[in-house]
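A short worksheet on the structure shown next.
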Amino acid sequence: YVEYTGDPQYGESLKWAPLHNFVEVGEERIQPIVSAIEAMGGSFIYNCEATEVVLEDGVVAGVKAIRDNNTVLSIATKAVFLATGGFGASEEMIHDRFLGVPLVNMGTPTNSGDGIRMALWAGAELEAGGACMIWNRAILPDGFEFNEDRMGGDIFLPGSQPFLHVNVNGERFMNEQNMAFDPLVYSGQAGLNNGNYYVLVDGEYYDACVAEGVYKHLGEPDWNFGREMFYPVLSHAPEQFEAAVSEGWAVKGDTIAECAEAFGLTNLEETVKRYNEFCQSKEDADFGKDPMFLTEIKDGKGYYLFEYQSAYWATIGGIRTNDRLTALDADNKPIDGLFIGGLNMGSAFCRPYYDIPGTACGLSIASGVTGAKEIIQYLEA
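What follows is the structure, encoded as structure tokens:
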């Protein structure tokens, strides 16, 4: 664990571990839990995929599974606890829930929505308005492996900073300030609603990001997220930019028109003209962007244009449950014996990711403890 110090070296080694206080990963992290459960008489079945919750007269009576891809198991049990993660790796569920808008899956590659599908087949319902935690991200090439270092790479960061953001028509669609304060939720939803979106940065601003970092270039404003996350210089951006150009999601041009033509952004020039007027007056009449982020897009050093799309981070809005974590059907009646936890559970996961730190991770942990207690009480009733 690396304590945040504000020193540039921290930025060079920024990973999820120091940011989210992970001390152990992989087998070292899970083994103490496994050992404790086995010591109390519990057992694990590995290389085994649960496929179906078995009901008798509307009450849980077991679960079916496939072991080693060929052996079908039927396990009799009066209670099933589904906590298999979200659905970011399921192209079908992503398509159905988000009307075909493509998302980059930045969760685990195994979050294929199995637990949610099993609960739906058992008669449970999805939470109304269920969505997912969104973070806008670059369009990633086939075969890309997410690198935790620097949140995926320097060249991805413009998509989550307060630069000029436009839609496929080259028009603004959001207050980019939300990118600076809430890149995981509020701004992400705006990006999701637009499908692909684009970020324009002038050469002077881009060079400053590479040389001194966004936060310092803006004069170190009252911006906590920038102070903690976006103060490192984007020193790796130049070589990463060349790769982005070759992959087709970035372009550099001498004029705004040249950049706009590369992606067919017909109204970009007019948008920049209006935006610059807001920057000069320090008043954003369209979206109310904070003046500290209103930086005029200048001529002289060319322009950089990036194409981004939204990224799936975690499911928010899974299976509807009551306060005992029991799955509810279409009539809001409990399905006896079917318990839901973690990202499979929709009712307790909600939007205040930043307002209440630890909301998502904390509820995942708490739902495991609560679910166990509720199952014991259910079995003893």
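Going by our numbering, the sequence shown opens with residue 1471, and the numbers climb by one from there. Yeah, the Cβ is synthetic: ideal placement off N, Cα and C, and Gly gets one too. Values in this document were obtained by computation on a predicted structure and should not be read as measured data.
field: Contact check, L1735 vs V1636, beta carbons under 8 Å
entry: Yes, Cβ-Cβ distance for L1735 and V1636 is below 8 Å.
- request: Give me the Cα-Cα distance between S1716 and G1640, rounded to the nearest whole angstrom.
  value: Their backbone Cα atoms lie some 22 Å apart in a straight line.
- prompt: Which whole-angstrom value is the C-beta distance of I1805 and A1531, which I expect to be below 8 Å?
  reply: A Cβ-Cβ distance of about 12 Å is found for the pair I1805 and A1531, leaving them out of contact under the 8 Å criterion.
message: According to DSSP, simplified to helix, strand and coil, what is G1665?
response: DSSP, read as helix, strand or coil, puts G1665 in coil.
- prompt: For R1744, which of helix, strand or coil comes out of DSSP?
  reply: Here R1744 sits in helix by DSSP.
field: Stretch pair the segment 1568-1582 + the segment 1790-1800: three plus CB contacts closer than 8 Å
entry: The segment 1568-1582 is not in contact with the segment 1790-1800.
- prompt: Would you call R1642 buried or exposed, if buried means 16 or more other Cβ atoms sit within 10 Å of its Cβ?
  reply: R1642 should be labelled buried.
message: Distance check for V1574 and Y1782, CA to CA, integer angstroms please.
response: Taking the straight line joining both Cα atoms gives about 6 Å.
- prompt: Is any heavy atom of the ligand GDP found at a distance shorter than 7 Å from the C-beta of N1663?
  reply: No copy of the ligand GDP occurs in the structure displayed, which carries no ligand at all.
- prompt: Got a sec? Which residues, its chain only, sit under 7 Å from F1651 by beta carbon, not counting five neighbours each side?
  reply: Around F1651: F1695.
- request: Kindly indicate which residue of K1548, T1541, N1539, F1514 has the alpha-carbon position closest to the one of D1527.
  value: Comparing Cα-Cα distances from D1527 to each of K1548, T1541, N1539, F1514, the minimum goes to K1548.
task: Output the distance between the C-alpha atoms of F1545 and M1815, rounded to the nearest integer angstrom.
output: It is worth fixing the name first, because residue 1545 is Ile in this sequence and not Phe. A direct Cα-Cα distance of roughly 23 Å separates I1545 from M1815.
- prompt: Do three or more CB pairs link the segment 1575-1591 to the segment 1553-1564 at distances below 8 Å?
  reply: Touching, per the Cβ criterion.
- request: Check whether the Cβ atoms of Y1685 and Y1778 sit closer than 8 Å, and answer yes or no.
  value: Going by C-beta atoms, Y1685 is not nearer than 8 Å to Y1778.
Boundaries of the beta strand (DSSP E) in which H1635 is found, first to last residue: Boundaries of the beta strand (DSSP E) harbouring H1635: 1634-1636, taken from the DSSP string.
- prompt: Which same chain residues, not among the five before or five after H1687, have their C-beta less than 6 Å away from its C-beta?
  reply: Result list for H1687: A1678, in chain order.
task: Kindly indicate the opening and closing residues of the beta strand (DSSP E) around I1545.
output: Residues 1541-1546.
- prompt: Among the residues of its own chain, which have a CB less than 7 Å from the CB of N1645, if the five just before and after it don't count?
  reply: Apart from sequence neighbours up to five positions away, the residues of its chain that approach N1645 with a beta-carbon distance below 7 Å are F1757, G1758, K1759, ordered along the chain.
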